[in-house]
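K.L.:
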Amino acid sequence: MNFEEILNLFIQDTADTSVGLIRPELILCGTILSLLFVRLFSIDRWITPSWVALVGAFVAFGFAANDFMVLKEAGGDTVQEIFTGLLIFDRFTAFFRIFLLLFLVLVVTLTILSGLPDLEDGPDFYTLLFGSTIGMMVMASSNHLLILFLGVEMTSVPSYVMVGFLKGKRVSSEASFKYVVYGAGASGVMLYGISLLAGLLGTGNMSLIAERLQMISSSGEPIVSGTAISVMILMVMVGLAFKLSVFPFHFWCPDAFEGASAEVAGFLSVASKAGAFALLVRFALAFSAGDAGALQPTFLYIGLGVGVIAAITATYGNLAAYMQTNVKRLLAYSTIAHAGYMLMGVASVIVLMNAPGEDTAAATANATQALEGLLYYLAVYLFMNLGAFAVVAFIRNSIFSEEIEDYAGLISVTPILCVCMLICMFSLIGMPPFGGFVGKFMIFASLFEAGNIHWVMWLILVAGGLNTVFSLFYYLKVLKVMFLDPRPAGAPDVDVRWGSLPGFYTMLVTAPVVVLGVLVQGLSSTAQNVASVLFP
Amino acid sequence: MYDLVGHFLLFGIIIIGALIVPLLIGRLVRPKLPTPQKDSIYECGEPTIGTSYVQFDLRYYVVALVFIVFDVEVIFFFPWAMIYGGAMHLADSRITEATRTELSAKMLNTPVAELASENVIGAESAYWLGLTGLMDVLVFFSVLLVGFAYVWKRGDIDWVRTVMKERTQPTPHQDLIPPTKTPEKQTVS
Numbered sequence: 001m002n003f004e005e006i007l008n009l010f011i012q013d014t015a016d017t018s019v020g021l022i023r024p025e026l027i028l029c030g031t032i033l034s035l036l037f038v039r040l041f042s043i044d045r046w047i048t049p050s051w052v053a054l055v056g057a058f059v060a061f062g063f064a065a066n067d068f069m070v071l072k073e074a075g076g077d078t079v080q081e082i083f084t085g086l087l088i089f090d091r092f093t094a095f096f097r098i099f100l101l102l103f104l105v106l107v108v109t110l111t112i113l114s115g116l117p118d119l120e121d122g123p124d125f126y127t128l129l130f131g132s133t134i135g136m137m138v139m140a141s142s143n144h145l146l147i148l149f150l151g152v153e154m155t156s157v158p159s160y161v162m163v164g165f166l167k168g169k170r171v172s173s174e175a176s177f178k179y180v181v182y183g184a185g186a187s188g189v190m191l192y193g194i195s196l197l198a199g200l201l202g203t204g205n206m207s208l209i210a211e212r213l214q215m216i217s218s219s220g221e222p223i224v225s226g227t228a229i230s231v232m233i234l235m236v237m238v239g240l241a242f243k244l245s246v247f248p249f250h251f252w253c254p255d256a257f258e259g260a261s262a263e264v265a266g267f268l269s270v271a272s273k274a275g276a277f278a279l280l281v282r283f284a285l286a287f288s289a290g291d292a293g294a295l296q297p298t299f300l301y302i303g304l305g306v307g308v309i310a311a312i313t314a315t316y317g318n319l320a321a322y323m324q325t326n327v328k329r330l331l332a333y334s335t336i337a338h339a340g341y342m343l344m345g346v347a348s349v350i351v352l353m354n355a356p357g358e359d360t361a362a363a364t365a366n367a368t369q370a371l372e373g374l375l376y377y378l379a380v381y382l383f384m385n386l387g388a389f390a391v392v393a394f395i396r397n398s399i400f401s402e403e404i405e406d407y408a409g410l411i412s413v414t415p416i417l418c419v420c421m422l423i424c425m426f427s428l429i430g431m432p433p434f435g436g437f438v439g440k441f442m443i444f445a446s447l448f449e450a451g452n453i454h455w456v457m458w459l460i461l462v463a464g465g466l467n468t469v470f471s472l473f474y475y476l477k478v479l480k481v482m483f484l485d486p487r488p489a490g491a492p493d494v495d496v497r498w499g500s501l502p503g504f505y506t507m508l509v510t511a512p513v514v515v516l517g518v519l520v521q522g523l524s525s526t527a528q529n530v531a532s533v534l535f536p
Numbered sequence: 001m002y003d004l005v006g007h008f009l010l011f012g013i014i015i016i017g018a019l020i021v022p023l024l025i026g027r028l029v030r031p032k033l034p035t036p037q038k039d040s041i042y043e044c045g046e047p048t049i050g051t052s053y054v055q056f057d058l059r060y061y062v063v064a065l066v067f068i069v070f071d072v073e074v075i076f077f078f079p080w081a082m083i084y085g086g087a088m089h090l091a092d093s094r095i096t097e098a099t100r101t102e103l104s105a106k107m108l109n110t111p112v113a114e115l116a117s118e119n120v121i122g123a124e125s126a127y128w129l130g131l132t133g134l135m136d137v138l139v140f141f142s143v144l145l146v147g148f149a150y151v152w153k154r155g156d157i158d159w160v161r162t163v164m165k166e167r168t169q170p171t172p173h174q175d176l177i178p179p180t181k182t183p184e185k186q187t188v189s
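Chains as they are written, first to last, in my numbering: chain A, 1 to 536; chain B, 1 to 189.
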């Protein structure tokens, strides 16, 4: 193939295929630009930036939903590598795009209702929010180690600024600073791991990693030991663990959430976790897809290690949440605990994929089930966590406090917010009629299945079960204060009633938590359909 | 290994010695006649004023930040300019075959001798390469310009920002910010 053919192929691939498949991202970029133009030409006197942002997010969501529907209609396992293999477009990508853009629409609506950025700061805030979301969408569709890094950074850098967005608030600046310092450290370690891995394999393309690793390990004299390879993989995972706020890298999370406004904390707790989980799954399957050969025990132990870290994360998050007096801090620790539960799902995917024996069909089927559980959990988690943070934001707007003790007796003034908080928290605990239960059940079922391969997974399952019990108490502590304690005399009123827009919004976000707990089939079959595309 | 460590040790000892010996000689030899003028801190001949731990103007940071953003972006222009220049030269159909081979080899990063004849870049594809590159950079640069205009409009690069206008407007989330005493602005002459 000579230079001219390569050039023509490249131009054709970019212009005809690739650009058309990243329409949602391009629309978000366009929205960012129009936000800046709105400010530049003083159009914001007629249209507030938040409405421009809402329209942009909604249009992007429409295109993403359309892409997903087209893929689903077409059937089969369409996997398209776009931009010369840097990104990948399949049902998994399309699913996460819908997920992230739906969430973006909901967050923008929440900021409009709670009035977070004023007219002056509107374009700045939404530019950061949209930039971060584009980063997450890049993470979900990444097919190259370089894009993995780029996606993580594109997500992180705007988040640092968003955490410190409440200018003039000391806690906020401190939180932002802590977040930056931890983020820089984690990115450094991840970049080191990426450079080692790419240097060893001679490629950064994730679809080639498994093949190359097997080539290295199966040659008579292995160039590097399994330990060295697992160290490289774990170093890459450090960067992702930071985004997921997994146990040894979680320190930023409570501080950042306490300093940031509730809307931003809600955004970070759901969206950046979803992006990081998508990337983690892609990366985990990149090295363990197919027949791992001589490296199979190494990968099995990596899976077990991830599982043990997940169990520690969940336990730590739940135990640390007891002592909290600030609702956002409590929810931050709850987020850490939930990252632990979801990481258990990833661990069982890795373990199930690397089961000893020849039965690849059974291993693939089991791993698909585990991934289905993870996707279901993420979908429910979107609604229940956003619901909880929205309630915190609306209550803050009225009583100017986020301390648990100031929530005393709120049931008498704002029943709607209290009932929604109750539903979200029961779902976070994993109580049966709500969506959280179904997600947790699916993850625990996959852990049980993985226990057949290695008994450590059963111990992790026990840890997960015990954690569910631990978590009961601190969620109930908040609910007890809200529902049973008397409202102190002279406490400020919360003006959120049934018919008001914030009340309606909270109900809208909470409703899916109930629906997904009862009508499991629809989302579950979609999730399975999405998960199956990763296991050819 | 021991050789290396020994050298470092020797080097370290010599450094410390070379520091201590002149100080010691100076201490023994110099006359000691202190005056208040001599004991005062020397600062470019100016009398010193106050401590150096002052809050200096935040505007420095803003300007530095904006500078870094636009300065780093320029880095992306260098590799583009290299390719664009080469491509546009190749797009000229009047150049000799020898020049074309040489330029193609430079562009594809291979020695001239190893360049296969079918890999010599023709005028038309070089033109397309240059055009694609130009479009890419135009998009990139226009996005940058929008950012620049935005920063300008916001007044972030005005050295004297109209602080009075902001004071009159209510700050956002005033209710969330605990009332703190703003420190008096200190200036350094």
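Glycine is no exception: its CB is placed at the ideal position from the N, C-alpha and C atoms.
Everything numeric in this text was worked out from a predicted model, so none of it was measured.
Between the C-alpha atoms of Phe249(A) and Ile350(A), what's the straight-line distance to the nearest angstrom?
P.N.:
Counting from one through the first sequence, the residue named residue 249(A) turns up at place 249. Counting from one through the first sequence, the residue named residue 350(A) turns up at place 350. Rounded to the nearest angstrom, the two C-alpha atoms are 21 Å apart.
K.L.:
Please tell me whether Tyr192(A) and Trp252(A) are closer than 7 Å, where the distance is taken between their beta carbons.
P.N.:
Counted from its first residue, the first sequence places residue 192(A) at position 192. Counted from its first residue, the first sequence places residue 252(A) at position 252. No.
K.L.:
Might you give, ordered along the chain, the residues of its own chain that have their beta carbon closer than 6 Å to the beta carbon of Pro433(A), omitting 5 neighbours on each side?
P.N.:
In the first sequence, counting from the first residue as 1, residue 433(A) sits at position 433. For Pro433(A), where only same-chain residues beyond five positions count, the Cβ hits under 6 Å are Gly517.
K.L.:
Can you list, in chain order, the residues of its chain whose CB lies under 8 Å from that of Val494(A), leaving out five sequence neighbours each side?
P.N.:
As a position in the first sequence, residue 494(A) is number 494, starting the count at 1. Counting only Cβ-Cβ distances below 8 Å, and skipping sequence neighbours, we find Phe394, Ile395, Ser398, Ile399, Leu410, Val413, Thr414, Leu417.
K.L.:
Rank Phe299(A), Ala365(A), Glu221(A), Pro24(A) by C-alpha distance to the C-alpha of Phe283(A) and give the top, closest one.
P.N.:
In the first sequence, residue 283(A) corresponds to position 283, counting from 1. The candidate whose alpha carbon is nearest that of Phe283(A) is Phe299(A).
K.L.:
Kindly say whether Phe3(A), judged by its beta-carbon, lies nearer than 7 Å to any beta-carbon of chain B.
P.N.:
The residue you call residue 3(A) lines up with position 3 of the first sequence. Interface residue, yes.
K.L.:
When DSSP labels each residue in this structure, what does Gln55(B) get in the three-state scheme?
P.N.:
Within the second sequence, the letter at position 55 stands for residue 55(B). DSSP places Gln55(B) in coil when its eight states are reduced to three.
K.L.:
Whole angstroms are fine: how far does the CA of Ile336(A) sit from the CA of Thr313(A)?
P.N.:
On the first sequence, position 313 is the one that residue 313(A) refers to. On the first sequence, position 336 is the one that residue 336(A) refers to. When rounded, the distance between both Cα atoms is 7 Å.
K.L.:
Within the chosen definition, does the segment 64-73 of chain A reach the segment 180-191 of chain A through at least 3 CB pairs nearer than 8 Å?
P.N.:
At 8 Å Cβ cutoff, the stretches do not touch.
K.L.:
For Ile336(A), return the contacting residues in chain B, with the cut-off set at a CB-CB distance below 9 Å.
P.N.:
Position 336 of the first sequence, counted from the start, is the residue given in the question as residue 336(A). Simply none; closest approach about 25 Å.
K.L.:
List, in chain order, every chain A residue whose beta-carbon is nearer than 8 Å to that of Ser125(B).
P.N.:
Here residue 125(B) refers to the residue found at position 125 when the second sequence is read from its first residue. Under the 8 Å cutoff, chain A gives Phe3, Glu4, Leu7, Asn8.
K.L.:
Whose CA, out of Ala408(A), Gln528(A), Ile404(A), lies closest to the CA of Gly490(A)?
P.N.:
Counted from its first residue, the first sequence places residue 490(A) at position 490. Of the listed residues, the one whose Cα sits closest to Gly490(A) is Ala408(A).
K.L.:
Of all the beta strand (DSSP E) runs that stay within the bounds of the segment 237-317 of chain A, which reach a length of 3 or more residues?
P.N.:
The qualifying runs do not exist here; there are none.
K.L.:
At least one CB of chain A closer than 7 Å to the CB of Lys153(B): is that the case?
P.N.:
The residue you call residue 153(B) lines up with position 153 of the second sequence. Chain A contact via Cβ: present.
K.L.:
Taking the DSSP output, what are the residues bridged to Gln80(A)?
P.N.:
The residue given as residue 80(A) occupies position 80 in the first sequence. DSSP, once it has assigned bridges, lists Phe89(A) as partnering Gln80(A).
K.L.:
Would Glu73(A) be called buried (16 or more neighbouring beta carbons within 10 Å of its own) or exposed?
P.N.:
Residue 73(A) sits at position 73 when you count from the first residue of the first sequence. So Glu73(A) counts as exposed.
K.L.:
For Ile591(A) versus Val496(A), is the C-beta distance shorter than 7 Å?
P.N.:
Outside the shown range of chain A, which is 1 to 536, sits residue 591(A), and nothing can be said about it.
K.L.:
Hey, is Leu129(B)'s beta-carbon within less than 7 Å of any beta-carbon in chain A?
P.N.:
As a position in the second sequence, residue 129(B) is number 129, starting the count at 1. Yes - at least one Cβ of chain A is within 7 Å of the one on Leu129(B).
K.L.:
Roughly how many angstroms lie between the CA atoms of Arg487(A) and Val478(A), to the nearest whole one?
P.N.:
Here residue 487(A) corresponds to residue number 487 of the first sequence, with the count starting at 1. Here residue 478(A) corresponds to residue number 478 of the first sequence, with the count starting at 1. Roughly 14 Å separates the two Cα atoms.
K.L.:
Can you tell me where the alpha helix (DSSP H) holding Lys106(B) begins and where it ends?
P.N.:
Here residue 106(B) is taken as the residue at index 106 of the second sequence, counted from 1. Lys106(B) -> alpha helix (DSSP H) spans 97-108.
K.L.:
Measure the alpha-carbon distance for Asp39(B) versus Val54(B) and round it to whole angstroms.
P.N.:
Sequence index remark: in the second sequence, residue 39(B) carries index 39 (1-based). Sequence index remark: in the second sequence, residue 54(B) carries index 54 (1-based). Between Asp39(B) and Val54(B), the C-alpha separation is close to 23 Å.
K.L.:
Relative to the C-alpha of Ala450(A), which candidate in Val391(A), Gln528(A), Pro356(A) has its C-alpha closest?
P.N.:
Stepping through the first sequence from its first residue, residue 450(A) is reached at position 450. Looking at the Cα atoms, Pro356(A) is the closest of the given residues.
K.L.:
Measure the alpha-carbon distance for Tyr61(B) versus Val161(A) and round it to whole angstroms.
P.N.:
Locating residue 61(B) in the second sequence gives position 61, counting from the first residue. Locating residue 161(A) in the first sequence gives position 161, counting from the first residue. Between Tyr61(B) and Val161(A), the C-alpha separation is close to 15 Å.
K.L.:
How is Asn397(A) classed by DSSP in three states: helix, strand or coil?
P.N.:
To locate residue 397(A), count along the first sequence from 1; it is residue 397. In this structure, Asn397(A) counts as helix in the three-state DSSP scheme.
K.L.:
Return the bridge partner residues of Glu403(A) from the DSSP annotation.
P.N.:
As a working note, residue 403(A) is residue 403 in the first sequence. Glu403(A) pairs with Asn326(A).
K.L.:
Starting from the C-beta of Lys153(B), find all residues in its chain whose C-beta is less than 6 Å away, skip the five residues before and the five after it, and write them out in chain order.
P.N.:
If you number the second sequence from 1, residue 153(B) lands on position 153. Excluding residues within five positions, none has a Cβ falling inside 6 Å.
K.L.:
Since Gly122(B) meets chain A, which of its residues come closer than 8 Å, beta carbon to beta carbon?
P.N.:
By 1-based counting over the second sequence, the position of residue 122(B) is 122. By Cβ distance, chain A contributes Glu4.
K.L.:
Any beta carbon from chain B within less than 7 Å of Leu40(A)'s own beta carbon?
P.N.:
The count along the first sequence starts at 1 and reaches residue 40(A) at position 40. At least one chain B Cβ lies under 7 Å of Leu40(A).
K.L.:
Keeping to the same chain, check which residues put their C-beta closer than 7 Å to that of Asp77(A); ignore five residues upstream and five downstream.
P.N.:
Residue numbering aside, residue 77(A) sits at position 77 when the first sequence is read from its first letter. So the qualifying residues of the chain are Val533, Pro536.
K.L.:
Taking only beta-carbon atoms, is Asn119(B) less than 7 Å away from chain A?
P.N.:
Here residue 119(B) refers to the residue found at position 119 of the second sequence. Output row for Asn119(B): interface = yes.
K.L.:
Which residues does DSSP list as the beta-bridge partners of Ser142(A)?
P.N.:
Within the first sequence, the letter at position 142 stands for residue 142(A). Bridge partners of Ser142(A): Leu87(A).
K.L.:
Check distances from the C-beta atoms of the segment 95-111 of chain B to those of chain A and list, in chain order, the residues that come in under 8 Å.
P.N.:
Correct list: Ser104, Leu108.
K.L.:
Ordered along the chain, which non-local residues of its own chain (more than five positions away) have a Cβ less than 7 Å from that of Ile177(B)?
P.N.:
As a first step, residue 177(B) is located in the second sequence; it is residue number 177 there, counting from the start. Per-residue confidence for Ile177(B) stands at a pLDDT of 45, beneath the threshold of 50, marking its modelled position as unreliable; the derived number appears in the next sentence. Cβ neighbours of Ile177(B) beyond the five flanking positions: none.
K.L.:
Is there a Cβ of chain B sitting closer than 7 Å to that of Leu87(A), yes or no?
P.N.:
Taking the first residue of the first sequence as 1, we reach residue 87(A) at position 87. So, not an interface residue.
K.L.:
Hey, Val438(A) and Val520(A): beta-carbon distance below 7 Å or not?
P.N.:
Taking the first sequence and counting its residues from 1, one reaches residue 438(A) at position 438. Taking the first sequence and counting its residues from 1, one reaches residue 520(A) at position 520. In this structure, Val520(A) lies closer than 7 Å to Val438(A) by Cβ.
K.L.:
Got a sec: which bits of the segment 178-200 of chain A sit with their beta carbon under 8 Å from any beta carbon on chain B, in order along the chain?
P.N.:
Here the close residues number zero.
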